[in-house]
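Data first, discussion second: the structure below is written as C-alpha cells.
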Amino acid sequence: MQKYSAKQAILRTSLGYGLGLSLGLLLAVVLLKSGAIDFLLFNLGKLQIFLRLFFSLGLIVLIIGLGGAVGGGIGGYVLAGVRGMEWRRGFILRSAASFFLTSVIMLIPVVLLTAVFGFLNPDIDVRFSKLPYLFLLFGLIYGAIVGFLLGALTVGLRRMWRILLASVAGFGAGGWLTGAGLFLLFQFDNPGRLITLLLTTAALFLFGATGGAAIGFAYQRVQDTHPLLPQTRNWRIVRSVVVIIIILVLGARAGKFIDTFTIRPASLASTMPLPTQGTHWFIETTPPELTAVPDPTPSITDSNGRTLTAACSPEGQPTVAFPDGRIEQIPFPPCQNQPVLAEDAAGELHLVWYSNQIVKVTDALASGSFLYESIRKDDGWTEPAIIARPTGVVQPALITDGDNTLHLTWEDGDSVQYATQTLYQCNPSDLNNIGQAVYNVVRQEKFRPATDPIPFCQNRFEQLVITPNPTNPRSDLPSSPNGAFDRVSEMVVTAQYEVLFTTMQWDKPSPEGSPGSVMAQAVAQLYKNVKANPDAYPRGMTVRILLGNLPEMDFSTPVSQIDYVLRDLHDAGVTEMVNEEIGWKLELANFDGAWPHAHSKFVVVDGKEGIAAGFNYSYLHLPKDHPSGLGLGMTDKGVEVTGPIAQSMMATYDDLWSGSDLISCSIFPPPLSVLDFIWCSKSTAVATHPPEVLRFYPVEGADTHAFTLTHTSAFLESDEAILAALTSAEETIDLYEVNFSLDTVCLGALLLTDFCSTEELAPPYMHALVEAMVENDVKVRALVEKTAMNGFENRTGIRWMQKELAKYGKEDNFEIKFSEGKMHDKSVLIDNELLIVGSQNFHWSAWGSPSLTEFNIATDDPLAIAEFRQEYEFQWQKGIPAQELMLEK
C-alpha cells in the first residue's frame with residue numbers, strides 16, 4: 009500500500025471531504041429539481057395539504073441527508089485509504105452515516121435561522137461581519153455533531169474527544185468561509201442559477217475541505233498513538249493558558265448565547281383599554297371680555313337631582329358632600345381656598361381647586377402655584393392633574409352650559425384667565441369608505457371596552473418622517489444630517505412631563521455619531537433642562553426607553569444593546585438614572601418576550617403627540633455621506649401626528665412596557681460592561697404616568713382622522729384592520745413594502761422552487777390582495793426589496809401571486825417592481841384615501857400568532873397622502889420591473 013506523508017494524507021482527506029460534500033450538494037440539487045417530488049405531490053391531490061406538506065418536507069430532508077451521506081462516504085473512502093485502515097468498508101459506512109445524520113439534524117434549524125437572521129439584518133448583503141459569523145456558529149454546531157458521531161462510531165467514546173475538537177475547529181472555520189462565499193453571492197442582484205450553483209458549490213467545498221483537513225489531522229494523531237498536541241513542558245504551559253483564555257471568553261459569552269436562544273412568551277394583553285382620565289383644558293388666548301370672576305358656587309345640582317357640595321376641610325383636603333351624608337375626600341394636594349364643582353355631559357363630576365404643593369414622579373414633595381382638577385370615575389376620584397400654573401393664590405369659578413362645555417375662570421394678578429373643556433366625541437359617519445372599514449374592526453369589544461372612545465378625530469397630521477431623508481428632489485420636507493432621527497429628537501426635547509420611546513434595535517456607538525447617540529443627545533438636553541430649571545417641570549420628567557429584545561447573533565462580544573444605550577446616554581451627558589429632588593427618572597427596559605421579540609417602533613410625548621415608524625435606530629437608515637461611514641441610505645418612513653390618538657399610542661406602549669425587564673444601575677453607566685450584572689439589576693417594569701398626560705388633547709380646528717393599529721400575538725387588531733381596508737378597496741392599492749412573502753413553511757422554496765404552489769399556504773394579506781383584484785378589479789402596484797433574504801422571499805411571493813392571478817385572468821391588475829436602492833418601508837395607500845405607515849411587514853413574522861409585535865398609524869389626511877405619493881411615484885419611476893430580475897439564467 010502506498011505510504012503518504014502526514015501533510016499529504018491531510019491534504020488528500022481535505023480534498024476528499026471537500027469534493028464529497030460538493031458532489032453531495034450537486035446530487036441533492038439534481039434530485040430536488042428533477043420534478044420527481046412535484047410528480048409525487050401532484051398524485052396526492054391538491055386537497056391533501058397536510059400530506060403534501062409533510063411528504064415534501066420529508067423528501068427534502070431525506071435528499072439533503074443523502075447529499076451529506078455522499079460527502080461523508082467519499083471523504084471516509086479517501087481517509088481510510090490514505091491511513092491504510094484495515095476496516096475500510098466499515099469506516100466509509102460510519103463516515104457516511106455520521107454526515108447523513110448531521111445533515112438531517114442541521115437542515116431545518118439552518119434554513120429557519122438563516123431566514124430569521126436575514127430578515128432581522130437587512131444589511132447582510134453589505135455588512136461583511138454578519139453572514140460569516142452566523143455560519144461560523146452553524147459550522148461549530150455541525151462540527152460538534154459530526155465529530156461526536158464519527159468519533160464515537162470509529163474510535164470509541166474514550167478517544168473521540170480528539171476527533172470532536174478537531175471537527176469543531178475545522179468545520180467552524182469552514183462555516184466562516186461558507187458565510188463569506190454567500191456574502192459574495194449576495195453582491196449580485198440576479199446571479200441566476202449557474203452562478204448561484206457555482207458559488208454555493210465552492211462555498212460547500214471550502215466547508216468540507218477545512219473540516220476534512222482537521223479530521224484527517226486528528227485521525228493521524230489517533231492512529232499514530234500520538235497526542236493531539238506535543239507534551240513538552242512549554243506546550244503544556246501554552247495549552248493551559250489557552251484553555252484558561254477559552255474558558256474566560258466562552259464564559260463571558262455563554263450568558264448572552266443562552267439568553268439569545270431562550271424562548272420566552274411576553275406578558276401581553278388581549279384587550280387594550282385607554283389609560284385616559286379626561287380631556288385637556290383649552291386655555292383661551294383671547295378670552296371673552298370678563299371684568300371679574302364670578303363668585304365660586306360651593307353647591308350644584310347634578311343630572312340626577314342631587315345637591316352636591318364642595319368644600320375645603322379643616323385639614324385642607326378637597327371634599328365633596330353627597331345628600332346621603334357621604335363625604336368623599338381627596339388626600340393630596342391640599343386646598344388653600346374654596347374648591348368648585350361641575351358636572352359634564354357624560355355625568356362625571358369635576359372638582360377644581362388651588363394648591364401650593366405638588367409631588368414629583370420620584371415622590372419628592374415640591375411647592376409652587378397650581379390649579380388642579382380631579383374627575384369622579386366609577387372607581388373613585390382620579391389623581392389630580394394640573395390645569396394651569398397661576399402666579400399666585402387664585403380662586404377658580406366653574407360652570408357648565410347647555411352646550412356640554414365646562415367653563416373655568418380665575419383672576420391671575422391683573423388679568424382674568426379663561427379655559428374650556430368639551431366632552432371629546434367622534435362621529436364615525438365622517439369617515440370615508442376605507443376609514444369606516446377600519447373603524448368597524450377597531451371598535452370591536454374584543455379589542456377595546458365599549459365605553460372607550462376611538463380617538464380618531466380632531467387630530468393634526470404634522471409630517472411624514474423619512475429616512476435617510478426625502479429622496480424626491482421636489483419634496484418640501486426638511487432634510488438634516490441624521491435624517492428622521494433628528495426629527496424624533498426635536499420632538500423629545502419639547503417634553504414637559506414624559507417621553508415614551510421604543511425601538512427594536514439600537515446600534516453600537518460610533519465616535520462620529522450614531523442613531524442612538526442622536527436620541528441620547530436629546531435625552532441629555534432634556535436632563536440638562538430639568539436640572540437647570542426644575543420649576544419649569546413641576547412633575548419632574550420621566551423618560552422610558554424600551555428595546556425590542558432582538559436576538560443578538562454577534563457572539564464576538566458579550567456587550568448587549570442595553571449597554572449601547574447606557575454608553576450613549578452617558579457620553580451625551582446624562583449622569584444619573586434617578587434624581588429624586590428634581591424629579592428626574594430615566595427608565596430603561598428590554599421587552600420580556602423572546603422568539604418572538606418586539607418589532608414596534610414609535611415615540612409618544614406628553615400623551616399628546618407621537619411618531620409611528622418603521623425604522624430602527626440603525627446605521628442602515630443614515631445618509632450614505634454620514635460622518636460615521638456606516639450610513640447605507642436605506643429608505644423607511646414614519647408618520648407624525650398630534651392629538652387624541654396619542655392616548656391610544658400610550659395604551660399600546662403600556663402593554664409592551666408592562667412586564668418587561670427593567671434595568672436599574674447603581675453606577676451609571678457600569679464601569680465594565682462585561683460585568684454589568686454587578687452594578688445593574690433587573691426588575692419587572694410597571695406602567696405609571698403623571699396625571700397630566702392622561703388626557704385627550706383635541707387640536708382646535710384640526711380634522712385629521714387617524715387610527716392606531718396594534719399587532720401582538722395576543723392582539724390581532726392590525727391584521728383585521730389592514731385586511732378590511734385592502735378588501736374594501738375599489739380602485740387602487742399602492743404597496744411600498746420591503747417584504748412580500750409567503751408563510752414560514754415556504755422557506756422550503758430555498759430547496760424546491762414549487763414548494764409553495766398551493767393557495768392554502770399563502771398568508772391572509774396575499775388573499776386580501778387577490779380578492780381586491782379579482783372581486784373589485786382593483787389595480788395593485790408593489791415596490792419591494794430585491795436583495796438578500798428579503799429579495800429571495802419576495803421572488804417566491806411574486807411567483808405565487810402571478811400564478812394565482814393567472815387563474816382568474818387578472819395578471820394585468822398586478823404590477824410589481826424591485827426598489828433600485830435598499831428599502832425597509834412598510835406602507836400601504838388604498839384608493840388614495842387611506843395611508844397606513846408603521847412597522848408591520850407583509851411577512852409571516854408580522855401576522856397571526858405567535859409573531860412579532862407591530863405598530864402602525866392609518867390616516868386619511870390629504871397632506872399625508874400627498875407627501876407619500878410624492879415619494880412613492882419618484883421611487884416607482886426608478887424601480888426595476890420584477891420580470892427583469894427574475895429571468896432564469
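Converting from the sequence shown to the working numbering requires adding 8 to each position, the first position being numbered 1. Glycine is no exception: its CB is placed at the ideal position from the N, C-alpha and C atoms.
Whole angstroms is fine: what's the gap from residue i's alpha carbon to residue j's?
i, j, result
"Gly75", "Glu841", "54 Å"
"Val507", "Leu750", "37 Å"
"Leu70", "Arg495", "53 Å"
"Leu193", "Gln504", "51 Å"
"Thr712", "Pro331", "44 Å"
"Val450", "Leu439", "14 Å"
"Val360", "Leu558", "46 Å"
"Gln529", "Arg244", "52 Å"
"Gln452", "Ala354", "22 Å"
"Glu470", "Lys834", "19 Å"
"Lys454", "Ala277", "11 Å"
"Leu144", "Ile113", "17 Å"
"Gly189", "Val119", "16 Å"
"Asp669", "Glu648", "28 Å"
"Arg456", "Gln337", "31 Å"
"Ser487", "Ile838", "27 Å"
"Ser710", "Gln655", "Contrary to the premise, residue 710 reads as Ala rather than Ser in this sequence. So the two alpha carbons sit approximately 17 Å from each other."
"Ala445", "Arg468", "21 Å"
"Asp484", "Tyr880", "15 Å"
"His578", "Leu638", "22 Å"
DSSP on residue i, reduced to helix/strand/coil?
i, result
"Leu165", "coil"
"Leu55", "Only weak support exists for where Leu55 lies, its pLDDT of 46 falling under 50; the value from the coordinates is given anyway. It is coil, neither helix nor strand."
"Ala606", "strand"
"Met642", "coil"
"Met585", "coil"
"Asp576", "helix"
"Tyr625", "strand"
"Leu558", "coil"
"Pro304", "coil"
"Gly376", "strand"
"Ile291", "strand"
"Trp361", "strand"
Where do the N-terminal and C-terminal ends of the beta strand (DSSP E) with residue i fall, by residue?
i, result
"Leu676", "Inspection of the sequence shows that residue 676 is occupied by Phe rather than by Leu. Note, Phe676: premise wrong, no beta strand (DSSP E); not H, not E."
"Gln337", "335-337"
"Val845", "842-846"
"Gln471", "468-475"
"Ser549", "Inspection of the sequence shows that residue 549 is occupied by Met rather than by Ser. It spans 549-555 - the beta strand (DSSP E) in which Met549 sits, taken as one unbroken run."
"Asp742", "740-745"
"Arg789", "787-792"
In the DSSP assignment, the alpha helix (DSSP H) including residue i goes from what residue to what residue?
i, result
"Lys15", "14-41"
"Met657", "653-665"
"Tyr447", "441-450"
"Ala796", "796-814"
Could you check if residue i is buried or exposed, using at least 16 other CB atoms within 10 Å of its CB as the buried criterion?
i, result
"Asp663", "buried"
"Gly887", "buried"
"Asn624", "buried"
"Arg482", "exposed"
"Phe225", "buried"
"Phe269", "exposed"
"Ile383", "buried"
"Leu40", "buried"
"Gln885", "exposed"
"Asp352", "buried"
Shorter than 6 Å, the distance from the beta carbon of residue i to the closest heavy atom of the ligand GDP, or not?
i, result
"Ser375", "For the ligand GDP, the structure offers nothing, since it holds no ligand at all."
The region 863-879 touching the region 476-489, judged by at least three CB pairs closer than 8 Å: Using a C-beta cut-off of 8 Å, the region 863-879 makes contact with the region 476-489, since at least three inter-stretch Cβ pairs fall below that distance.
The region 75-87 contacting the region 27-34, beta-carbon criterion three pairs below 8 Å: Between the region 75-87 and the region 27-34, the count of C-beta pairs closer than 8 Å reaches three or more; the two stretches touch.
Three-pair Cβ contact test at 8 Å for the region 700-711 versus the region 651-659: As far as the Cβ criterion goes, the region 700-711 touches the region 651-659, which means the pair count is three or higher.
Inter-stretch contact at 8 Å, needing at least 3 Cβ pairs: the region 813-822 / the region 774-788: Touching, yes, given that three or more Cβ pairs across the two stretches are closer than 8 Å.
Contact between the region 854-867 and the region 720-740 (3+ Cβ pairs under 8 Å): Contact holds: three or more Cβ-Cβ distances are below 8 Å.
The region 572-592 touching the region 459-466, judged by at least three CB pairs closer than 8 Å: These segments do not touch.
Contact the region 617-633 vs the region 586-605: 3+ CB pairs below 8 Å: With a cut-off of 8 Å, the region 586-605 and the region 617-633 do not count as touching, because too few Cβ pairs lie within range.
Any 3 or more C-beta pairs closer than 8 Å across the region 789-807 and the region 427-439: Contact between the region 789-807 and the region 427-439 is absent, because fewer than three Cβ pairs lie under 8 Å.
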